[in-house]
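Engineer:
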Amino acid sequence: MVKAVVGANWGDEGKGKITDMLAENADIIVRFQGGSNAGHTIINEYGRFALHLLPSGVFYKHTTSVIGNGVALNIPYLLKEIEYLKEKICS
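Offset between the sequence shown (1-based) and the numbering used here: plus 1.
1. Find out if the Cβ-Cβ distance for the pair Asp1, Ile43 is shorter than 8 angstroms.
2. Can you give me the start and stop residues for the beta strand (DSSP E) that Gly48 sits inside?
3. Note down the Cα distance separating Gly8 from Ile90, rounded to an integer number of angstroms.
4. Strictly by DSSP, which residues pair up with Val31?
5. How many Å lie between Val59 and Thr65 at the Cα?
6. Taking Glu14 and Leu52 to be in contact with their CB atoms under 8 angstroms, please state how far apart those CB atoms are, rounded to whole angstroms.
7. Three-state secondary structure (DSSP) at Val3?
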C-alpha cells in the first residue's frame with residue numbers, strides 16, 4: 002500500500018509529524034522537495050531533533066530513506082546534519 006503525505010501550503014502544516022508517525026511502519030520514506038530552510042521536528046527515544054534535509058525515516062533501521070531530485074540539496078548542511086545525528090544517537 003502506498004501512503005503519501007502532501008501539503009497544500011508551504012508553511013507549518015504538521016507534514017513532518019504525520020510522516021514520522023507513518024515512518025514506523027513504512028518501507029521507504031522519500032523527501033521529494035524543499036531545502037535546508039524547511040524543517041520538521043522529531044521527538045523519539047533518542048531525543049528531540051530538527052531535521053532539515055534528511056527524511057523522517059532515518060530513525061528506523063527497517064526504513065529506506067530517500068532524498069529526491071526535487072530537494073535543493075545543500076551538501077555541507079546535509080553532512081552537518083548527519084554528523085549531528087551520529088553524535089546525538091551514538092554517544
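Just so it is clear, CB atoms sit at the ideal spot from N, CA and C, and this is done for glycine as well.
Structural biologist: From the atom records:
1. Since the displayed the chain opens at 2 and closes at 92, residue 1 lies outside it and no answer follows.
2. 48–52
3. 30 angstroms
4. Val67
5. 8 angstroms
6. Not a contact, Cβ separation roughly 16 angstroms.
7. coil
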